[in-house]
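Residue numbering for the sequence shown follows our numbering, beginning at 9 and increasing consecutively. Down below is the structure, laid out as structure tokens.
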Amino acid sequence: MSLVKTPFFIILSIILFCTGAIAGDDIANASKSTQWVEDAKKCGLSPANIDLLNTKRILISDETYRQIFSAYLSGERPLFITSDSLLNAYHVLYEESILRLENVYAGRLPGILKLVLNNIHDTDRHLKGNPALVSAAKQRAMLTMGVALKLIDDTFQFDDTKLNTILSEEVERIIAAKAVYLPEWLAKPDTSFVALDYSRYKPRGFYLRSERLKRHFRAVSWLQSIPFRIGNDVEFLSALMLGSSVDRIQFEKYSENVDFENFFSAYSFAIGAGDNWDLMKAAIHSQAVLQMDLAGNDLQEKRAWLEKIAEGYNEEPMIDDQIKFAPDNPANGTQPQFRIISPYRTPSAILFQRTTDPQHFNRSYPTGLEVAASLGSTFARQNLGESGKEDLLKVIDSSMTYFECQRDKIRHHFGSDCQSLYLQYLKVLKALLDKPEPDMPDFMKTKAWEAKNCNTALSGWAQLRHTWVLHAKQNTLSLFGRQIPVGFVEPEPEFFSRMADLVSTTRLFFNYVGAFNPDYGYVIHALESLKGFLADLKDESNGQLIFSKLHKLSSDEMVSRALLSALLNISRTKAASGLEGNFREQMQWIDAVIEDIKKGAIDKHPDLIEVVKEEDIDLKELWEQFEIVSRRLEAIAHKQLRTADLNTDETAFIRSYGKIIATIMLYSGNSYNSPRDDSPRIVDICSDPQTGTYLHVGIARPRKLYVLYPWKGETVLCEGAVMPYIEFVAAERLTDDSWKERLDSGNMPLVPKWLSPVISEGGLKSGLKRKKKSK
Numbered sequence: 009m010s011l012v013k014t015p016f017f018i019i020l021s022i023i024l025f026c027t028g029a030i031a032g033d034d035i036a037n038a039s040k041s042t043q044w045v046e047d048a049k050k051c052g053l054s055p056a057n058i059d060l061l062n063t064k065r066i067l068i069s070d071e072t073y074r075q076i077f078s079a080y081l082s083g084e085r086p087l088f089i090t091s092d093s094l095l096n097a098y099h100v101l102y103e104e105s106i107l108r109l110e111n112v113y114a115g116r117l118p119g120i121l122k123l124v125l126n127n128i129h130d131t132d133r134h135l136k137g138n139p140a141l142v143s144a145a146k147q148r149a150m151l152t153m154g155v156a157l158k159l160i161d162d163t164f165q166f167d168d169t170k171l172n173t174i175l176s177e178e179v180e181r182i183i184a185a186k187a188v189y190l191p192e193w194l195a196k197p198d199t200s201f202v203a204l205d206y207s208r209y210k211p212r213g214f215y216l217r218s219e220r221l222k223r224h225f226r227a228v229s230w231l232q233s234i235p236f237r238i239g240n241d242v243e244f245l246s247a248l249m250l251g252s253s254v255d256r257i258q259f260e261k262y263s264e265n266v267d268f269e270n271f272f273s274a275y276s277f278a279i280g281a282g283d284n285w286d287l288m289k290a291a292i293h294s295q296a297v298l299q300m301d302l303a304g305n306d307l308q309e310k311r312a313w314l315e316k317i318a319e320g321y322n323e324e325p326m327i328d329d330q331i332k333f334a335p336d337n338p339a340n341g342t343q344p345q346f347r348i349i350s351p352y353r354t355p356s357a358i359l360f361q362r363t364t365d366p367q368h369f370n371r372s373y374p375t376g377l378e379v380a381a382s383l384g385s386t387f388a389r390q391n392l393g394e395s396g397k398e399d400l401l402k403v404i405d406s407s408m409t410y411f412e413c414q415r416d417k418i419r420h421h422f423g424s425d426c427q428s429l430y431l432q433y434l435k436v437l438k439a440l441l442d443k444p445e446p447d448m449p450d451f452m453k454t455k456a457w458e459a460k461n462c463n464t465a466l467s468g469w470a471q472l473r474h475t476w477v478l479h480a481k482q483n484t485l486s487l488f489g490r491q492i493p494v495g496f497v498e499p500e501p502e503f504f505s506r507m508a509d510l511v512s513t514t515r516l517f518f519n520y521v522g523a524f525n526p527d528y529g530y531v532i533h534a535l536e537s538l539k540g541f542l543a544d545l546k547d548e549s550n551g552q553l554i555f556s557k558l559h560k561l562s563s564d565e566m567v568s569r570a571l572l573s574a575l576l577n578i579s580r581t582k583a584a585s586g587l588e589g590n591f592r593e594q595m596q597w598i599d600a601v602i603e604d605i606k607k608g609a610i611d612k613h614p615d616l617i618e619v620v621k622e623e624d625i626d627l628k629e630l631w632e633q634f635e636i637v638s639r640r641l642e643a644i645a646h647k648q649l650r651t652a653d654l655n656t657d658e659t660a661f662i663r664s665y666g667k668i669i670a671t672i673m674l675y676s677g678n679s680y681n682s683p684r685d686d687s688p689r690i691v692d693i694c695s696d697p698q699t700g701t702y703l704h705v706g707i708a709r710p711r712k713l714y715v716l717y718p719w720k721g722e723t724v725l726c727e728g729a730v731m732p733y734i735e736f737v738a739a740e741r742l743t744d745d746s747w748k749e750r751l752d753s754g755n756m757p758l759v760p761k762w763l764s765p766v767i768s769e770g771g772l773k774s775g776l777k778r779k780k781k782s783k
């Protein structure tokens, strides 16, 4: 098909405008400039897409990238720096920082479990009456903690053969992650607890990057999921016994868990409040010594006291994550309960709990548009398009307070006016959904641009939920040649300002919790891998074979080959004897170093510290650089709104934006030229046990965005990129890898209908592809 001639194209535009074919928010091509049409042809855009671009002024094409920064590397055409690119960079750096913390906490959890299990045996010495209740409560406590420990350490065993059989069966079900089942030892089914959905224990997200993190995911998810309801005598007493086993003096003396309380509230500033009482709360309510007459009213009085506390301080859980029946009386929908580790409540989960309440709504799943509407998007409200929409909007309006920052004086040392980073992040997204400023270009005052911003906000929200796939509580439903700039910044200065504030707060938080410290837990993993490598290699003398095995090890174990090589060289310097003795002494050195790291005596190995410094990514420096980038984008956005020319430094900054953002996204040197194909993200946020399905939200690969930007009488065709938001129901919980496989198989779900007006002809397809440009 040949492209239309420019004169005919202009005539066609005039005809369409005069006949009303252009929708109310579409913009006629009032500019006398037609050069952009020729530029669009050179980009390979079809006549239909050129027409769409002319009327909407923006177009999301099906041209894909492996990483979003790739869209800003060529400089063939003026750039358009999108809010999507900054949000995506934030999430890459954010997840890497959380990953480092999770490696630390993965090392602390086994010690906590062992200490509680050691102390649980003496918690019944002051309990009188009803020995059967005591025995059942103790067994429940031991098995809950024991299963978590065995998920981490295969060698863990009880002295009791019967308990070990239960341990093995439970661990097998958790690893399989398929059953919907309620073990007899755990509880008898009732309306508020029908079964466990074992698929929730399937490791997802960045937890698939190492075996250690997979085990940590299963263990934490298990401890988050087992309820200790205060209305159930066995569960309530079991929680009190677990709380009584937490001896603060012993915990503080335990060398690997000095910050044991921080373990249970580590992410309270990052996400928000826990939705259940946790082990630390049980310790407070049970007191150091548990004294009760179970034949009398002691347990009932304790229960009444806690119910009063829960009601007085609004501490009842707000989100259902168990398979249960809807209560006849909505007031009885939730009851106070303990979890060993409490999952955190998020605003969207609270909202979805209300918008899927079967007492008021008959709907299968919520939708991300509810989140956008809660953040202030008029576009999202208009596109909800459901029966009972008025009632739904009333619930959304009444839930908006959960999406708003409330000043918390305790948090001032992080420099934020929000209780959590999560809320501060949502505040950043709100800047995209607010009413446009009067001096913004006309194309940013249209429904098309509202659709683009709604997509950006929801793709950002989906990436945030992806980071917290383990810790956020999930809902379960009841049953040129012209004088023009080299590029433009999305003219949303308030967005960039809020983003800079968020980055600053995030950096202070990670610095406070120690995320910028060297990850010596990862070094232990590398040393253990090296030890196994040496054991298999001691009879080899061929250097090429050694290199190939080392390469395979680094690929299989997600360990840097550079780190393994450095550790191998250091270990060789510690062994001066013959070949057989060399391997033996190398193994002894590795064992000694691992033990020293666990004891906090890494200073004994200065050569190892230097290696880690060279290998370790300086996340603190990247966060500092990220804040500077956000501030510069804010300043440029303000200049654009005043149609002021950029200076030389600002022009150079836009030219190099792709490389700058790539560095922040962990691509050092020129590695951005060969980016990893791992940008798609997916997370399940809600489940329906009646249909055995799961609602997923996520992002596909970045797509090229075309924008017609008005500049001093010119219409400039610009290129940028967005992250397409996807929302769909699947029959299983998808991982990032299975989501990518689905995309590559040509089975990509359709983008939301509300986004289709700005999608190129033919829609968005699966797979990775670049369009051929017309010559």
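Cβ atoms here follow ideal geometry from the backbone N, Cα and C, with glycine treated the same way. All values derive from a computational prediction rather than experimental measurement.
* Whose C-beta lies closer than 8 Å to the C-beta of residue 726 among residues of the same chain, with five residues either side of it excluded? -> Reading the sequence shown from its first residue, position 718 is the one you call residue 726. Here the set comprises 85, 86, 87, 88, 495, 496, 714, 715, 716 and 717.
* Asked: Would residue 171 pass as a contact of residue 150 if the rule is Cβ separation under 8 Å?
  -> Here residue 171 refers to the residue found at position 163 when the sequence shown is read from its first residue. Here residue 150 refers to the residue found at position 142 when the sequence shown is read from its first residue. Yes, these two residues count as a Cβ contact at 8 Å.
* Excluding five sequence neighbours on each side, which residues of the same chain lie with their C-beta closer than 7 Å to the C-beta of residue 279? -> Here residue 279 refers to the residue found at position 271 of the sequence shown. For residue 279, where only same-chain residues beyond five positions count, the Cβ hits under 7 Å are 352, 354, 428, 430, 476, 479 and 480.
* Would residue 285 be called buried (16 or more neighbouring beta carbons within 10 Å of its own) or exposed? -> In the sequence shown, the residue the question calls residue 285 occupies position 277. The residue in question, residue 285, is buried, as its Cβ has 16 or more Cβ neighbours within 10 Å.
* Asked: Considering only C-alpha positions, which residue in the set 577, 603 and 181 is nearest to residue 591?
  -> Start at 1 with the first residue of the sequence shown, and residue 591 comes out as number 583. Selected option, being the one with the closest Cα: 577.
* Would you mind reading off the limits of the beta strand (DSSP E) that contains residue 69? => Within the sequence shown, numbered from 1, the residue matching residue 69 stands at position 61. Looking at the DSSP string, the run of the beta strand (DSSP E) that includes residue 69 is 66-72.
* Asked: If we count the other Cβ atoms within 10 Å of its Cβ and call it buried at 16 or more, is residue 115 buried or exposed?
  -> Translated into the one-based positions of the sequence shown, residue 115 becomes position 107. Per the 10 Å Cβ criterion, buried.
* Asked: Per DSSP, residue 136 is paired with what?
  -> Here residue 136 refers to the residue found at position 128 when the sequence shown is read from its first residue. Its beta-bridge partners are 301.
* Through-space distance from residue 361 to residue 455, alpha-carbon basis -> Within the sequence shown, the letter at position 447 stands for residue 455. Within the sequence shown, the letter at position 353 stands for residue 361. Taking the straight line joining both Cα atoms gives about 29 Å.
* Could you tell me if residue 765 is buried or exposed, where buried requires 16 or more neighbouring beta carbons within 10 angstroms of its beta carbon? => On the sequence shown, residue 765 is found 757 positions in, with the first residue counted as 1. Flag for residue 765 reads buried.
* To do: Determine the direct distance from the alpha carbon of residue 242 to that of residue 291, and round the result to whole angstroms.
  => To locate residue 291, count along the sequence shown from 1; it is residue 283. To locate residue 242, count along the sequence shown from 1; it is residue 234. Taking the straight line from one Cα to the other gives about 17 Å.
* **Completely contained alpha helix (DSSP H) runs for the segment 311-370, where each covers 4 or more residues** => 355-363
* Hey, residue 238 and residue 152 are a contact pair by Cβ (cut 8 Å); roughly how many whole angstroms apart? -> Reading the sequence shown from its first residue, position 230 is the one you call residue 238. Reading the sequence shown from its first residue, position 144 is the one you call residue 152. Actually they do not touch by this definition, with Cβ atoms about 16 Å apart.
* To do: Grab the span of the alpha helix (DSSP H) containing residue 106 for me, first residue to last.
  => If you number the sequence shown from 1, residue 106 lands on position 98. Its alpha helix (DSSP H) spans residues 91-127.
* For my contact list, residue 206 and residue 181 are in at a C-beta cut-off of 8 Å; report their separation, rounded to the angstrom. => Here residue 206 refers to the residue found at position 198 when the sequence shown is read from its first residue. Here residue 181 refers to the residue found at position 173 when the sequence shown is read from its first residue. About 5 Å; that satisfies the 8 Å criterion.
* Asked: Hey, quick one: how far does the beta strand (DSSP E) through residue 717 stretch, first residue to last?
  -> In the sequence shown, residue 717 corresponds to position 709, counting from 1. 711-719 is the extent of the beta strand (DSSP E) around residue 717.
* To do: Just the C-alpha distance for residue 767 and residue 699, rounded to the nearest angstrom, thanks.
  => For the purposes of this step, residue 767 is identified with residue 759 of the sequence shown, where counting begins at 1. For the purposes of this step, residue 699 is identified with residue 691 of the sequence shown, where counting begins at 1. Going from the Cα of residue 767 to the Cα of residue 699 covers about 32 Å.
* Asked: Where do the N-terminal and C-terminal ends of the alpha helix (DSSP H) with residue 180 fall, by residue?
  -> Against the sequence shown, residue 180 aligns to sequence position 172. Residues 169-184.
* Asked: Between 68, 471 and 97, which lies nearest to residue 665 when the distance is taken from Cα to Cα?
  -> As a first step, residue 665 must be located in the sequence shown, where it is residue number 657. Nearest C-alpha to residue 665: 97.
* Asked: Which residues bound the alpha helix (DSSP H) around residue 496?
  -> To locate residue 496, count along the sequence shown from 1; it is residue 488. Counting along the chain, residue 496 falls outside any alpha helix (DSSP H), though it belongs to the beta strand (DSSP E) covering 495-497.
* Segment contact, 8 Å Cβ cut-off, at least three pairs: the segment 463-474 with the segment 689-704 -> yes
* Asked: So, using beta-carbon positions, are residue 404 and residue 439 closer together than 8 Å?
  -> The residue you call residue 404 lines up with position 396 of the sequence shown. The residue you call residue 439 lines up with position 431 of the sequence shown. It is not a contact, given that the beta carbons lie outside the stated cut-off.
* Residue(s) in a DSSP beta bridge with residue 484 -> The count along the sequence shown starts at 1 and reaches residue 484 at position 476. According to DSSP, which records beta bridges pairwise, residue 484 is partnered with 695.
* To do: Just mark residue 134 as buried or exposed, buried being the case when its beta carbon has 16 or more other beta carbons within 10 Å.
  => To locate residue 134, count along the sequence shown from 1; it is residue 126. Residue 134 comes out exposed.
* Starting from residue 282, follow its DSSP beta bridges and name the residues at the other end. => Numbered from 1 along the sequence shown, position 274 holds the residue referred to as residue 282. Beta-bridge pairing links residue 282 to 352.
* Asked: Where does residue 141 sit, in a helix, a strand or coil, going by DSSP?
  -> Numbered from its first residue, the sequence shown carries residue 141 at position 133. Helix, per DSSP.
* **Residue(s) in a DSSP beta bridge with residue 704** => On the sequence shown, residue 704 is found 696 positions in, with the first residue counted as 1. Residue 704 is bridged to 692 and 736.
* Please report the residue range of the alpha helix (DSSP H) in which residue 458 lies. => Position 450 of the sequence shown, counted from the first residue, corresponds to residue 458. 455-475 is the extent of the alpha helix (DSSP H) around residue 458.
* Asked: Are the beta-carbon atoms of residue 364 and residue 485 separated by less than 8 Å?
  -> Within the sequence shown, residue 364 is the residue found at index 356, counting from 1. Within the sequence shown, residue 485 is the residue found at index 477, counting from 1. Result yes, Cβ atoms of residue 364 and residue 485 sit closer than 8 Å.
* Same chain, Cβ closer than 6 Å to residue 394, five either side skipped, listed in chain order -> One-based indexing of the sequence shown puts residue 394 at position 386. If we look at residue 394 and ignore the five residues flanking it on each side, it has no Cβ neighbours.
* Leaving out five residues on either side along the sequence, give the residues of the same chain with a beta carbon under 7 Å from the beta carbon of residue 466. => Within the sequence shown, residue 466 is the residue found at index 458, counting from 1. Correct list, in chain order: 376, 379, 380 and 733.
* To do: Give me the Cβ distance between residue 739 and residue 499, rounded to the nearest whole Å; I'm assuming they're in contact under 8 Å.
  => To locate residue 739, count along the sequence shown from 1; it is residue 731. To locate residue 499, count along the sequence shown from 1; it is residue 491. Their Cβ separation, rounded to whole angstroms, is 43 Å, which puts residue 739 and residue 499 out of contact at 8 Å.
* At a cut of 8 Å, does the segment 666-673 reach the segment 701-715 through at least three beta carbon pairs? -> no
* Asked: DSSP state of residue 216, grouped into three classes?
  -> For the purposes of this step, residue 216 is taken as residue 208 along the sequence shown, with counting starting at 1. It is helical.
* To do: Assign residue 88 to one of three DSSP states: helix, strand, or coil.
  => Locating residue 88 in the sequence shown gives position 80, where the first residue counts as 1. If DSSP states are grouped into helix, strand and coil, residue 88 belongs with the strands.
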